[in-house]
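To start, the structure itself, in structure tokens.
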RNA sequence: GGGUGAUUAGCUCAGUGGUAGAGCGCUUCGUUCACAUCGAAGAUGUCAGAGGUUCAAAUCCUCUAUCACCCA
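In full-length UniProt numbering, the protein residues as written are 1 to 1040.
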């Protein structure tokens, strides 16, 4: 049955993919040669709830190309697939789903029920991306599919946490973190997007305490006094007025002479019954605003540093949803205590955190509502800095324009108004929630990144791990050299729960260590708030039994029998309070020590998703189980292919963690690529509606086309612009390949042939030539893929298949098939069959479907194409220089004739005579050998030798001689003259350059010999061409 | 403000010191003989600008301009 005219991708692709899967073609080690070295790639795990987008399609295509290539070369290949649980993203999706379907919210459900819902969701949508990857043709080892919440992976994550904690690489602390008020969790600084928004800068007066005043003097650059006044206040500027309620001080730069007289004095905090000091610090910029900065340690990262350096108290003003606090004692009480602390009373961090210094009026307000009210109240109190309404800092309010006749006697521009500057400010937003991030002082877990960064840096510095393109290394160094502690706790429910338990530090309220539990002790614990205000102790271990020993040691010193209390796990700290109180109360009445319990509770938080995915390389390979020994042949992995946007999120962290945990690099090479954009280079986004769905493209053009387009745009460091036109172009390329096979089939190429890996021993020049061309392209493709230059591999193959095989070899083979020499026909069939097989093999990594289909339909094969042997022949083996040169000459002649015909308007269908004017021996040989095909392809009827080109003929210079087309009747003389003049002009320009270089003595002296020789030869050839063309022009003039 | 990169044909982009390229688009011509998802031919360039290094610069260096991304 003859072949269809085109490849039906839609029906063939699923069938072929199923065949590969059934054959186990993707399994780790499939098609490996004995003793083969491993080649392994970890799939960057997509979100479990995710869908395949254009970026995945690109990223996965590149990996699949590498994997298929190495598999065909006989390496021991593993492509490890899997999914990431993606804590915050998945929780977001499920919460939205609950809201959309009017189900109870997360908090209403409770942790356990909510997690069931997440698992339901995962079961429903978790497989989507896998099915989509199959459409793309990804040859991952699905039998090894992993998930970051698998029990084995979970065990690895927990074990690493415990291990790193014990090594002192992980600690807990109350720190200022980026707090997402929507999700009510900490997020890392990488999950924050800073955006410039329109904001305002307010200026307030903080009055000096006790009615003090000072001389405020401003000078210009030369030190000349430009302003002097007596002030009873210091002027501060802020973009976040609501945080002033928590100010701990006003800071000025130590060199700022304006404020030198009042450093150390106290100021009244507006709207509050507190005074705060004026301190000095390096942070305030004397040239910015008034040079004085309010310091709110608990709500600003810079202020936090200042507060820490100056030991200022940091009062938290907001609750976890970023509304003004409404908890704790009344304001009057809280402020009383704050004054005591300011006066030197001792207070620990927990107590300071419990103090709510928000005045009743603002309690419970949204932070932005509170801002409005604070500004209003301060202004009403006369504490806003005022300026004339003409002040340029106010921007351009519309009301400034005053009609002259009305405003003549008033001076409206001198009216004083509060100074509120419109100002662009950088505001942090959560990258998932899109709400304004609030710096928040909370207890969190951190990786002491500074301690683990060393080996990760060294590996890249020494070249142990290579990052390409190289620019990625610079970025990597820059970030790692300035690394900050990594906050790894998240206040989420979906994720790996932190393996830490807490209990009360009863040693603090209880004095004795040896006595029995008496009533005094009991009362202290129960009545005095002893438990409530006691600190906590923490124990770290994978499971509760691993930490009970630690807690037992902890209470061993307590009065008996509390020292032997049973350790029980409860839900949280509150539950623990109740449990302990109840147990003590019982003991007080019945004195039964067996009912005494020491309650402990587990940390409710989960680990940052990137902490777990940071273990992806070893966690998926069986670490820390017994299979690790077996699977570690794939570790370190060969290459990581990923987007440069997660260089910090993931790549750097994998480097750090693999070294910290197993002391090995996770990969030899990191290949970074950019974001896939639309055809205009714009980021794809749902909002813009420019998202290109790869599955739609596959439906329309076939997976191979999309894959080829992906490979073609993968220039190192290049921008990735995906357009339908490009994909369409590669679909056409597939059709071209398909039709080359149709041509071969029609010429009996595949009939009864058994495929050969080795090229046939050809005698015909055309056949020898194309065999050599094939060897050249094989080398090009390997070199390109070896250097991760996917675009070069793609373009080499495109050029070879279309430009060499289809445009020339197939055309040149037609006269051979038409000859009546059976041996020539058979040889040409064998050559064509071999060349087309090579096309399939070399194209397979990029376009696996159409190539596998053609492979299967054109011959009985020992193996599927996916496992065919990748060739190793070289140009040195197969290029026949004589054939190469001869075919070069023939092609050049045909192109010249066609060009002349085209430009002188010779009718396309007309066969014309060709005159040989002069020709050297190799040229004559080439002409003799290829007479038939030259005549056919250039549409020549006869070739005859003449002594001299006749008048009015077009000249065709070739290597070693020249031809003429005697076209007196057919030729458009004017067109031919124009053509010749243009050619001469172009040649002259080139000649000028060449002569200039050669006449420069320094060139001959300094340039390499071969360059000089080449230039000289080039000049000679061009000069000969120019002479021929001039002669032709002269002849034309004779008739013209 | 700091960092990284980009600027080459109408468009999208390759091109790491030695004769400026590809695809798409455009113009003209062409359907028996694999393919109109095709073929033949053609036009199109201040390689962002200025300086420097070099026998030789799109390519290396410096500055400028514009744009993009990352980080503050």
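All C-beta atoms in this analysis are idealised placements derived from N, C-alpha and C, irrespective of residue type, glycine included.
Here the structure is a predicted model, which means the values were calculated and not measured.
For residue i, report the span of its alpha helix (DSSP H) as first-last.
i, result
"residue 994", "973-999"
"residue 178", "Here residue 178 belongs to no alpha helix (DSSP H); instead the beta strand (DSSP E) covers 170-180."
"residue 501", "Unbroken run through residue 501 is the beta strand (DSSP E), 500-504; no alpha helix (DSSP H)."
"residue 936", "931-938"
"residue 321", "That residue, residue 321, is in no alpha helix (DSSP H); it is neither H nor E in DSSP."
"residue 673", "Here residue 673 belongs to no alpha helix (DSSP H); instead the beta strand (DSSP E) covers 667-673."
"residue 303", "301-309"
"residue 638", "Counting along the chain, residue 638 falls outside any alpha helix (DSSP H), though it belongs to the beta strand (DSSP E) covering 637-643."
"residue 133", "128-136"
"residue 340", "331-342"
Could you spell out the range, first to last residue, of the beta strand (DSSP E) harbouring residue i?
i, result
"residue 194", "192-207"
"residue 42", "38-42"
"residue 426", "420-430"
"residue 218", "214-219"
"residue 961", "961-966"
"residue 294", "292-295"
"residue 601", "597-602"
"residue 955", "953-958"
For residue i versus residue j, is the C-beta spacing smaller than 8 Å?
i, j, result
"residue 39", "residue 64", "no"
"residue 365", "residue 243", "no"
"residue 636", "residue 666", "yes"
"residue 189", "residue 213", "no"
"residue 477", "residue 457", "yes"
"residue 573", "residue 601", "yes"
"residue 979", "residue 923", "no"
"residue 437", "residue 739", "no"
Quick check: what's the CA-CA separation for residue i versus residue j?
i, j, result
"residue 1052", "residue 279", "Absent from the structure is residue 1052, since the part of the chain shown begins at 1 and ends at 1040."
"residue 403", "residue 285", "Here the model assigns residue 403 a pLDDT of 46, short of 50, so the residue's position is not dependable, and the following value carries that caveat. Each residue's alpha carbon lies about 41 Å from the other."
"residue 786", "residue 765", "32 Å"
"residue 397", "residue 422", "With a pLDDT of only 49 at residue 397, under the threshold of 50, the placement of this residue in the model should not be trusted, and no figure is reported."
"residue 569", "residue 11", "58 Å"
"residue 513", "residue 288", "With a pLDDT of 48 at residue 513, under the threshold of 50, the modelled position of this residue cannot be trusted; read the value that follows with caution. Their backbone Cα atoms lie some 57 Å apart in a straight line."
"residue 638", "residue 41", "6 Å"
"residue 634", "residue 621", "8 Å"
"residue 632", "residue 55", "29 Å"
"residue 61", "residue 2", "32 Å"
"residue 902", "residue 893", "14 Å"
"residue 349", "residue 576", "21 Å"
"residue 48", "residue 324", "36 Å"
"residue 109", "residue 119", "14 Å"
"residue 948", "residue 883", "30 Å"
"residue 355", "residue 339", "12 Å"
"residue 407", "residue 388", "In this prediction, residue 407 has a pLDDT of 46, which is less than 50 and means its spatial position is unreliable; nothing more can be read from the coordinates."
"residue 225", "residue 293", "23 Å"
"residue 328", "residue 361", "15 Å"
"residue 691", "residue 650", "25 Å"
"residue 654", "residue 152", "18 Å"
"residue 539", "residue 503", "8 Å"
Is there contact between the segment 166-176 and the segment 202-209, where contact requires at least three CB pairs shorter than 8 Å?
no
Ranges of the beta strand (DSSP E) found wholly within the segment 434-479, counting only runs of at least 3:
438-447 and 466-468
Taking three-plus beta-carbon pairs below 8 Å as touching, is the segment 885-904 in contact with the segment 928-936?
yes
List in chain order: all unbroken beta strand (DSSP E) runs of 3+ residues lying wholly within the segment 348-405.
386-388
Taking contact to mean 3 or more Cβ pairs, one atom from each stretch, closer than 8 Å, check whether the segment 126-144 and the segment 75-94 are in contact.
yes
Run through the segment 222-284 for me and flag every whole beta strand (DSSP E) of 3 or more residues, listed as ranges in chain order.
225-231, 233-238, 249-252, 266-268 and 275-280
Three Cβ pairs or more, each shorter than 8 Å: is that satisfied between the segment 835-853 and the segment 795-803?
yes
Restricting to runs no shorter than 3 residues, where is the beta strand (DSSP E) found entirely within the segment 86-125?
none
Give, in chain order, every unbroken run of the beta strand (DSSP E) that is at least 3 residues long and sits entirely within the segment 548-585.
566-570
Using 8 Å as the threshold, is the segment 298-305 in touch with the segment 260-277, meaning 3 or more CB pairs across them?
no
Count the C-beta pairs between the segment 495-506 and the segment 691-702 that are closer than 8 Å, then say yes if the count reaches three, no if not.
no
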